[in-house]
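K.L.:
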Amino acid sequence: MFARSANSPITVVTGGAGFLGSHLTDRLLSEGHRVIGIDNFITGNPDNLSHLVGNDNYRFLKQDVSNFIFVPDDVDYIFHFASPASPIDYLEHPIPTLKVGAMGTHNALGLAKAKKATFLLASTSECYGDPLVHPQKEDYWGNVNPIGPRGVYDEAKRFAEAMTMAYHRFHKVDTKIVRIFNTYGPRMRLRDGRVVPAFIGQALKNEPLTVFGDGSQTRSFCYVSDLIDGIFRLSQSQFHEPVNIGNPREMTIREFGEHIIRYTGTSSKLEFHPLPVDDPKVRQPDISRAKSVLGWEPKVSFEEGIGRTIEFFKSRLCNV
Ligand code: UDP
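In structure tokens form, the structure reads like this:
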């Protein structure tokens with residue numbers, strides 16, 4: 011059991027075995043935190059934590075945070091990252107997605123209240139739905155279809171934000187909310203259905219790149235180390251309203267596919283498929299709040315980040 015000490019905070023990361031949870035864990039450990047990871051492995055992967063075996067500053071608890079969270083230790087920070095987070099994951103697990111955004115967030119906030127810990131919610135640009143305001147600023151309330159297939163994620167996260175603000179206002183819990191825009195990098199699952207692993211995996215196998223719709227929809231891709239830096243800064247701030255963290259460099263999905271074809275040198279071609287229901291037509295973060303409140307902006311260029319991600323997937327494909 012970890013006991014509270016002035017110079018080494020004790021920090022819980024729910025969803026600790028996920029893509030972002032595991033990168034966040036590495037950053038927290040490098041900042042001198044002792045970390046307790048929690049995951050139920052619905053979409054998390056134990057491989058993402060294998061390098062921490064034997065690390066005395068890390069412990070792992072297999073729990074489903076939607077049922078109950080039991081942490082006997084003192085706790086200084088809780089980063090609530092547990093949730094299926096790619097469109098095919100939350101289509102495959104609609105009820106667990108709703109439950110973790112609702113009950114899981116309630117339980118994690120309850121833990122923060124009981125332990126007098128700072129709480130940070132991993133929220134999402136999906137709160138803006140298919141946005142009618144572009145780029146998206148934090149004061150935009152969004153355009154979400156509550157009963158569409160993506161509603162299970164979008165509405166769960168919107169509820170999670172409401173719950174977080176209620177615990178802040180009513181119980182005086184020190185809370186922060188990050189709205190995460192499309193993020194990519196090593197440790198994404200090759201088959202999580204998101205466009206970055208999908209296109210890179212297809213390109214490396216010389217298969218067609220599956221562009222949904224006509225590829226004119228836009229996204230803005232942030233490299234994972236930049237995102238984690240913004241989140242860490244937010245956790246150290248005194249700011250309680252939502253903050254967008256993402257890279258404002260916007261491109262169409264067709265352009266993204268063409269970049270992947272060029273960077274991998276593949277013989278693959280673009281192949282067009284039907285657009286999923288409620289797929290947002292545009293997405294680009296306005297990061298002026300993150301700049302002014304956190305002094306944060308992304309540092310890793312698209313070329314550099316994609317290069318590192320391609321190398322990661324190449325090594326994965328060699329090992330399967
Ligand atoms: N997309 C695509 N082909 C794929 C996977 C995704 O064209 O194989 C598109 C998808 O329709 C969306 C964009 O790429 O417009 C980003 O999708 P992703 O699942 O990465 O994340 P989203 O931003 O939709 O949550």
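Under the working numbering, residues 11 to 330 are what the sequence shown spells out, in order. Quick reminder that beta carbons are idealized off the backbone N, C-alpha and C, glycines included.
Hey, is the stretch 21 to 30 in contact with the stretch 80 to 99, meaning 3+ C-beta pairs nearer than 8 angstroms?
P.N.:
Yes: at least three Cβ pairs fall under 8 angstroms.
K.L.:
Under 6 angstroms: does the beta carbon of Asn192 sit that close to some heavy atom of ligand 1?
P.N.:
Looking up residue 192 in the sequence shown gives position 182. Yes, the beta carbon of Asn192 sits closer than 6 angstroms to at least one heavy atom of ligand 1.
K.L.:
Contact check, Asn67 vs Leu39 under 8 angstroms by CB: the rounded distance?
P.N.:
Taking the first residue of the sequence shown as 1, we reach residue 67 at position 57. Taking the first residue of the sequence shown as 1, we reach residue 39 at position 29. Indeed they touch by this definition, with Cβ atoms about 6 angstroms apart.
K.L.:
Going straight from the alpha carbon of Thr233 to that of Lys123, what length do you get?
P.N.:
The residue given as residue 233 occupies position 223 in the sequence shown. The residue given as residue 123 occupies position 113 in the sequence shown. In the sequence as presented, Thr is not what sits at residue 233; that position holds Tyr. Rounded to the nearest angstrom, the two C-alpha atoms are 32 angstroms apart.
K.L.:
Please state whether the Cβ-Cβ distance between Gln227 and Lys291 is less than 7 angstroms.
P.N.:
Along the sequence shown, one-based indexing puts residue 227 at 217. Along the sequence shown, one-based indexing puts residue 291 at 281. Yes, these two residues count as a Cβ contact at 7 angstroms.
K.L.:
For the putative contact between Ala170 and Ser135, defined by C-beta atoms under 8 angstroms, what is the C-beta separation to the nearest angstrom?
P.N.:
Counting from 1 along the sequence shown, the entry for residue 170 is found at position 160. Counting from 1 along the sequence shown, the entry for residue 135 is found at position 125. 14 angstroms between Cβ atoms; not a contact.
K.L.:
Quick one: grab the DSSP three-state call for Val330.
P.N.:
What you label residue 330 is simply residue 320 of the sequence shown in a count that begins at 1. Unreliable positioning characterises Val330 in this predicted model, as indicated by a pLDDT of 49, which lies under 50. A coordinate reading is not provided.
K.L.:
Would you decide whether Gly42 is buried or exposed? Buried here means 16 or more other CB atoms lie within 10 Å of its CB.
P.N.:
Looking up residue 42 in the sequence shown gives position 32. By the 10 Å Cβ count, Gly42 comes out exposed.
K.L.:
Measure the C-alpha to C-alpha separation of Thr262 and Met11 and round it to an integer number of angstroms.
P.N.:
Counting from one through the sequence shown, the residue named residue 262 turns up at place 252. Counting from one through the sequence shown, the residue named residue 11 turns up at place 1. Distance between the alpha carbons of Thr262 and Met11 is about 49 angstroms.
K.L.:
Measuring only the C-alpha atoms, how far is Arg229 from Ala13?
P.N.:
Here residue 229 is taken as the residue at index 219 of the sequence shown, counted from 1. Here residue 13 is taken as the residue at index 3 of the sequence shown, counted from 1. For Arg229 and Ala13, the distance between alpha carbons rounds to 43 angstroms.
K.L.:
Quick check on the burial criterion: 16 or more other C-beta atoms within 10 angstroms. Buried or exposed for His33?
P.N.:
Numbered from 1 along the sequence shown, position 23 holds the residue referred to as residue 33. Per the 10 Å Cβ criterion, buried.
K.L.:
Whose C-beta lies closer than 8 angstroms to the C-beta of Arg264 among residues of the same chain, with five residues either side of it excluded?
P.N.:
Your numbering for residue 264 matches position 254 in the sequence shown. Closer than 8 angstroms at Cβ, skipping near neighbours: Val221, Asp224, Gly225, Ser226 and Leu280.
K.L.:
Evaluate the contact criterion for the stretch 313 to 320 versus the stretch 174 to 191: three or more CB pairs, one atom per stretch, below 8 angstroms.
P.N.:
At 8 angstroms Cβ cutoff, the stretches do not touch.
K.L.:
For Asp57, does the count of other Cβ atoms within 10 angstroms reach 16, so buried, or fall short, so exposed?
P.N.:
By one-based count along the sequence shown, residue 57 stands at place 47. By the 10 Å Cβ count, Asp57 comes out exposed.
K.L.:
Helix, strand or coil for Tyr100 per DSSP?
P.N.:
For the purposes of this step, residue 100 is taken as the residue at position 90 of the sequence shown. In this structure, Tyr100 counts as helix in the three-state DSSP scheme.
K.L.:
Classify Val162 as helix, strand or coil using the three-state DSSP reduction.
P.N.:
In the sequence shown, residue 162 corresponds to position 152, counting from 1. Three-state result, Val162: helix.
K.L.:
Using a beta-carbon distance below 7 angstroms, is Arg299 in contact with chain B?
P.N.:
Checking the listed chains, one finds no chain B in this structure; it contains a single protein chain.
K.L.:
Does the beta carbon of Ala208 fall short of 6 angstroms from some heavy atom of ligand 1?
P.N.:
The sequence position of residue 208 within the sequence shown is 198, counting from 1. Indeed, a heavy atom of ligand 1 lies less than 6 angstroms from the Cβ.
K.L.:
Taking Ala172 as the reference, which of Asp296, Leu131 and Lys125 has the closest Cα?
P.N.:
Working through the sequence shown from its first residue, we reach residue 172 at position 162. When only C-alpha atoms are compared, the closest one is Leu131.
K.L.:
Comparing alpha-carbon positions, which option in Asn254, Ser278 and Thr274 lies nearest Trp306?
P.N.:
Within the sequence shown, residue 306 is the residue found at index 296, counting from 1. Per the Cα distances, Asn254.
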